[in-house]
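From first to last, the protein sequence lines stand for chains Y and A.
With the first sequence counted from 1, adding 23 to any position gets you this note's numbering.
With the second sequence counted from 1, adding 695 to any position gets you this note's numbering.
All C-beta atoms in this analysis are idealised placements derived from N, C-alpha and C, irrespective of residue type, glycine included.
Below is one structure; the comments refer to it alone.
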Amino acid sequence: MSTESITWAAAEPVSSTWVERLHGWVTTVDHKRLGLMYILYALLFLVIGGLEATAMRIQLIRPHASFVPPHAFNQLFTMHGTTMIFFVAMPMVFGFANYLVPLMIGARDMAFPRLNAFSFWLTAFGGLLLYFSVLGGFGLYGDGYAPDAGWFAYAPLTAKTFSKGHSNDYWTLSLLVSGFGSIGTAVNIIATVLCLRCKGMTLGRMPLLPWMMLTMSVLVILAVSPLTAAQVMLLVDRYLGGHFFDVQAGGSAALWMHFFWIFGHPEVYVLIIPAFAIASEVIPVFSRKAMFGYPVMVAATVSIAFLSMSVWAHHMFTIGMSSGANTFFVITTMAIAVPTGIKIFNWLATMWGGKIDFKAPMLFSIGFLFQFLVAGLTGVMLASAPFDWHLGNSYFVVAHFHYVILGAIFFMVFAGFYYWFPKVTGKMYSERLARLQFWTFLIGFHLTFDFMHVPGLLGMPRRIYTYEPGRGWDLWNLIVTIGVVFQAVGVLLLVWNLVFALVRGPRAGADPWDAWTLEWSTSSPPPEYNFATLPTVRSRRPLWDLKHPEDPDWKYE
Amino acid sequence: MRPATANGATDDWRLPYAGRVGMLSLIAAEAAIFVIFIVAYLFYLGKSASGPTPAILRPPIVLSVCLLSSSITMELALGGLRRGRAARFGGWWILTIVLGAVFIAGTAVEWRHLIVDEGLTVSTNLFGTTFYSLVGLHLLHVVIGVTLMTVVAVLWAGRRLADAHVPKVEVLSMYWHFVDVVWVVVFTVVYLVGR
Chain Y
24 MSTESITWAA
34 AEPVSSTWVE
44 RLHGWVTTVD
54 HKRLGLMYIL
64 YALLFLVIGG
74 LEATAMRIQL
84 IRPHASFVPP
94 HAFNQLFTMH
104 GTTMIFFVAM
114 PMVFGFANYL
124 VPLMIGARDM
134 AFPRLNAFSF
144 WLTAFGGLLL
154 YFSVLGGFGL
164 YGDGYAPDAG
174 WFAYAPLTAK
184 TFSKGHSNDY
194 WTLSLLVSGF
204 GSIGTAVNII
214 ATVLCLRCKG
224 MTLGRMPLLP
234 WMMLTMSVLV
244 ILAVSPLTAA
254 QVMLLVDRYL
264 GGHFFDVQAG
274 GSAALWMHFF
284 WIFGHPEVYV
294 LIIPAFAIAS
304 EVIPVFSRKA
314 MFGYPVMVAA
324 TVSIAFLSMS
334 VWAHHMFTIG
344 MSSGANTFFV
354 ITTMAIAVPT
364 GIKIFNWLAT
374 MWGGKIDFKA
384 PMLFSIGFLF
394 QFLVAGLTGV
404 MLASAPFDWH
414 LGNSYFVVAH
424 FHYVILGAIF
434 FMVFAGFYYW
444 FPKVTGKMYS
454 ERLARLQFWT
464 FLIGFHLTFD
474 FMHVPGLLGM
484 PRRIYTYEPG
494 RGWDLWNLIV
504 TIGVVFQAVG
514 VLLLVWNLVF
524 ALVRGPRAGA
534 DPWDAWTLEW
544 STSSPPPEYN
554 FATLPTVRSR
564 RPLWDLKHPE
574 DPDWKYE
Chain A
696 MRPATANGAT
706 DDWRLPYAGR
716 VGMLSLIAAE
726 AAIFVIFIVA
736 YLFYLGKSAS
746 GPTPAILRPP
756 IVLSVCLLSS
766 SITMELALGG
776 LRRGRAARFG
786 GWWILTIVLG
796 AVFIAGTAVE
806 WRHLIVDEGL
816 TVSTNLFGTT
826 FYSLVGLHLL
836 HVVIGVTLMT
846 VVAVLWAGRR
856 LADAHVPKVE
866 VLSMYWHFVD
876 VVWVVVFTVV
886 YLVGR
């Protein structure tokens with residue numbers, strides 16, 4: 024394959040005024056720019072969602088605190104959950120997919136560049152719509168403001184009677200709009216992966232990241248669409264006087280729960296599979312070994328996606344389903360532990376006997392492995408219906424899913440930031456600061472979320488704005504809140520490190536990690552057309568073949 | 696892995712057309728949306744607290760025949776397009792649009808009857824809510840399809856339909872066939888099973 028990267032310096036127009044540059048970004052259809060915009064947009068909302076979390080933790084630091092009033096607390100947890108899932112995690116994984124998939128499969132752009140831009144702007148305006156509720160929510164005076172029905176918006180809290188004004192309509196519309204954006208991006212990723220791979224890259228030779236992004240996109244198609252349908256039903260109820268979730272006219276509140284969680288549980292896998300994808304790129308490179316069990320890894324990913332479509336009602340054990348339904352969802356939920364266990368063993372086997380290089384991306388990956396395992400174990404505990412009857416809707420559940428989302432997904436997002444930052448910017452960050460961020464964030468994470476399990480076990484329900492002293496919850500809540508400080512410092516260190524490196528960092532070169540996938544064969548940052556000549560590959564590690572012509576991979580695969 | 700040729704890859708490296716794959720993905724997403732509405736319709740059958748029941752429905756046989764045969768006329772049009780016979784394409788294509796439009800108009804008449812004579816609106820009871828949502832969602836797709844087909848017809852009338860457009864028109868035809876297949880399911884659920 025060809026690695027010469029020709030840069031047409033003369034053809035590039037000399038950068039002009041900032042208005043022209045801004046215009047370039049707003050009108051771009053380039054997958055790399057859109058990927059970066061997705062990620063920057065997610066980071067902006069990460070700050071907002073993080074501030075909301077901080078406000079809630081300050082309120083809960085001691086019994087009878089009065090930092091925020093009760094109704095504001097309801098709005099805070101609703102906005103925090105909605106923001107973090109739909110406007111941080113989703114755009115983040117779409118950003119990674121957008122930037123990396125075409126580069127890793129040797130393509131010049133996504134299959135539908137304009138659809139790509141359209142989807143991004145839908146997502147972007149969806150987020151703005153959610154926060155516009157703060158200004159536009161006053162349908163009736165004194166009601167409204169930000170949505171406050173929780174991020175899964177159970178009926179009848181969303182009915183006109185209980186949710187006056189327009190605040191929850193902003194919630195519905197923003198998820199509807201960003202949902203169309205998500206479906207558009209998923210369609211685009213599927214078409215890109217299936218139709219734009221470079222010569223020689225059969226599905227069996229494709230790197231694991233595009234494989235997993237493909238699986239994630241299929242899940243988006245199957246999971247976000249039901250949410251879209253449910254939101255349309257909610258709008259029919261609220262604006263046309265429909266009765267879908269109107270219990271007094273024979274409607275069913277439980278039906279909303281089913282529809283929401285048919286989306287809600289696969290959504291967890293929509294977010295974690297890209298984290299798996301990043302881990303499957305980072306761990307082999309920093310262990311200096313090829314991925315262990317590639318076909319099994321692909322099979323495990325696809326079977327996780329398949330199983331995840333049949334587990335949704337484990338979110339509903341406490342509403343009183345039939346014992347047949349309970350049993351079914353206990354079994355399917357526990358079955359997911361099998362393919363995820365296979366994955367963990369595959370990553371460990373990749374590291375086993377390798378020459379492990381403990382750089383920042385690898386540190387975060389190891390943290391991810393450990394925390395994802397713990398999150399999986401509490402997941403198996405909660406999957407058992409009798410256990411869940413005791414701990415459903417307690418802080419134990421909150422600790423469990425934050426372990427997944429922060430401890431697993433965001434640790435891998437941070438790993439991905441450090442791993443691909445040199446590719447995206449052409450600059451190298453400070454390894455010392457990166458390690459400092461790892462340890463600060465790790466300590467903060469464990470302070471907050473390890474100790475959050477305890478008040479849950481002691482019976483503290485989620486979504487309460489304050490609590491009585493003397494229930495044994497006080498100390499744990501204090502520790503949980505203290506952890507937030509470390510996490511905030513960790514995020515600031517990350518931002519400082521990357522911004523400083525962008526301005527002053529040393530040049531990174533095209534391939535700073537001695538890696539093996541196609542994105543490292545082009546210059547850093549990649550030119551707009553990615554590859555001057557489209558590559559041809561013969562194995563899963565084309566750059567290994569190039570660097571080791573005496574012992575190429577294709578002899579063995 | 697299969698043995699490779701000298702340059703490491705087979706020379707006839709062919710991958711599917713992105714438009715087809717994209718449309719199939721979109722169809723999967725749309726199918727998921729329809730499944731949710733159909734589940735809601737079936738779940739709420741007979742649960743209305745008051746008001747009209749599905750017994751008032753009259754199966755729109757003629758309209759269904761129109762819609763389903765529009766899939767055939769569309770294929771005839773595509774056959775003409777592939778062989779470069781513009782006039783034949785245009786004739787069948789416009790007939791397809793007319794059949795779609797007849798379906799829309801016929802549904803309007805049916806709904807007028809239901810609203811005015813039977814007093815069934817979206818807010819009357821659960822049956823009204825689920826019926827108008829499900830049938831309306833399908834109707835929305837018919838309207839979108841007819842609109843897109845009209846765009847193609849305008850291109851054709853202006854003699855601007857080039858060979859390069861053929862795969863794209865075929866992608867549009869996938870969507871239209873999907874809308875027809877959904878009607879088979881909706882018709883069965885609403886007018887046969889649900890009555």
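Boundaries of the alpha helix (DSSP H) in which residue i is found, first to last residue
i                 : result
Gln271 of chain Y : From DSSP, Gln271 of chain Y is part of no alpha helix (DSSP H); its letter is neither H nor E.
Leu843 of chain A : 821 to 852
Cys218 of chain Y : 190 to 218
Leu69 of chain Y  : 54 to 82
Met224 of chain Y : Per DSSP, Met224 of chain Y belongs to no alpha helix (DSSP H) and is neither H nor E.
Asp497 of chain Y : 497 to 527
Val879 of chain A : 861 to 882
Leu386 of chain Y : 383 to 406
Ser453 of chain Y : Where Ser453 of chain Y is concerned, there is no enclosing alpha helix (DSSP H), given that its DSSP letter is neither H nor E.
Leu231 of chain Y : 231 to 263
Gly775 of chain A : 756 to 777
Arg715 of chain A : 713 to 738
Tyr317 of chain Y : 317 to 331
Glu43 of chain Y  : 41 to 49
Buried or exposed by the 16-neighbour rule on C-beta atoms within 10 Å, applied to residue i
i                 : result
Met235 of chain Y : buried
Phe185 of chain Y : exposed
Asn500 of chain Y : buried
Leu45 of chain Y  : exposed
Ala803 of chain A : exposed
Val210 of chain Y : buried
Thr545 of chain Y : buried
Asp574 of chain Y : exposed
Ala781 of chain A : exposed
Asn416 of chain Y : exposed
Val757 of chain A : exposed
Glu542 of chain Y : buried
Arg420 of chain Y : The question names Arg, yet the displayed sequence has Val at residue 420 of chain Y. Burial call: buried.
Asp875 of chain A : buried
Leu887 of chain A : exposed
Gly493 of chain Y : exposed
Member of the options whose CA lies at the smallest distance from the CA of residue i
i                 : options                                : result
Pro362 of chain Y : Y:Phe381, Y:Ala328, Y:Gly528, Y:Ala408 : Y:Ala328
Ala457 of chain Y : Y:Pro549, Y:Met102, Y:Gly449, Y:Phe434 : Y:Phe434
Val846 of chain A : A:Pro749, A:Trp788, A:Glu813           : A:Trp788
Tyr739 of chain A : Y:Gly287, Y:Phe286, Y:Thr559, Y:His266 : Y:His266
Glu813 of chain A : A:Ala852, A:Ala796, A:Leu752, A:Leu710 : A:Leu752
Ser868 of chain A : A:Val879, A:Ile839, A:Trp708, A:Phe882 : A:Ile839
Gly717 of chain A : Y:Leu237, Y:Met102, Y:Val436, Y:Thr448 : Y:Leu237
Val811 of chain A : A:Val760, A:Pro747, A:Thr825, A:Gly786 : A:Pro747
Ile128 of chain Y : Y:Tyr579, Y:His571, Y:Trp539           : Y:Trp539
Pro484 of chain Y : Y:Gly493, Y:Gly202, Y:His413, Y:Gly430 : Y:His413
Leu66 of chain Y  : Y:Thr106, Y:Asp53, Y:Ala531            : Y:Thr106
Ile285 of chain Y : Y:Val325, Y:Val319, Y:His337, Y:Gly316 : Y:His337
Thr489 of chain Y : Y:Ser89, Y:Trp41, Y:Val42              : Y:Ser89
Asn369 of chain Y : Y:Leu392, Y:Ile379, Y:Phe351           : Y:Leu392
Gly364 of chain Y : Y:Tyr154, Y:Met320, Y:Phe351, Y:Gly376 : Y:Met320
Chain-order list of residues whose beta-carbon lies under 7 Å from that of residue i (same chain, five-residue window excluded)
i                 : result
Pro862 of chain A : Tyr712, Gly714
Val884 of chain A : Ile733, Tyr736, Leu737
Pro289 of chain Y : Leu242, Leu245, Ala246, Ser331, Met332
Tyr418 of chain Y : Met475, Pro478, Gly479, Met483, Arg485
Val305 of chain Y : Pro384, Met385, Ser388, Ala438, Tyr442
Phe340 of chain Y : Asn349, Ala408, Asp411, Trp412, Gly415
Partner residues on chain C for residue i, Cβ-Cβ distance less than 8 Å
i                 : result
Gly273 of chain Y : Among the protein chains of the structure shown, namely Y and A, there is no chain C.
Same chain, Cβ closer than 8 Å to residue i, five either side skipped, listed in chain order
i                 : result
Pro179 of chain Y : Phe185, Phe268, Asp269, Val270, Ala276
Leu850 of chain A : Leu856, His860
Contact set for residue i: own chain, Cβ-Cβ below 6 Å, skip 5 residues either direction
i                 : result
Trp194 of chain Y : Pro170
I'd like to know if the segment 713 to 726 of chain A and the segment 810 to 830 of chain A are in contact, where contact means that at least 3 CB-CB pairs between them fall below 8 Å.
Segment contact: the segment 713 to 726 of chain A against the segment 810 to 830 of chain A, fewer than three CB-CB distances shorter than 8 Å; contact not assigned.
Measuring CB atoms only, is the segment 393 to 406 of chain Y touching the segment 348 to 362 of chain Y, in the sense that at least three cross pairs come out at less than 8 Å?
Two segments are said to touch when three or more pairs of C-beta atoms, one from each, lie closer than 8 Å; by this definition the segment 393 to 406 of chain Y touches the segment 348 to 362 of chain Y.
At least 3 beta-carbon pairs within less than 8 Å: the segment 307 to 319 of chain Y vs the segment 207 to 224 of chain Y
When Cβ pairs closer than 8 Å are counted between the two stretches, the segment 307 to 319 of chain Y is seen not to touch the segment 207 to 224 of chain Y, the count staying below three.
Given 8 Å as the limit, is there contact between the segment 86 to 101 of chain Y and the segment 45 to 63 of chain Y, that is, 3 or more CB pairs closer than that?
With the cut-off at 8 Å, the segment 86 to 101 of chain Y and the segment 45 to 63 of chain Y do not touch.
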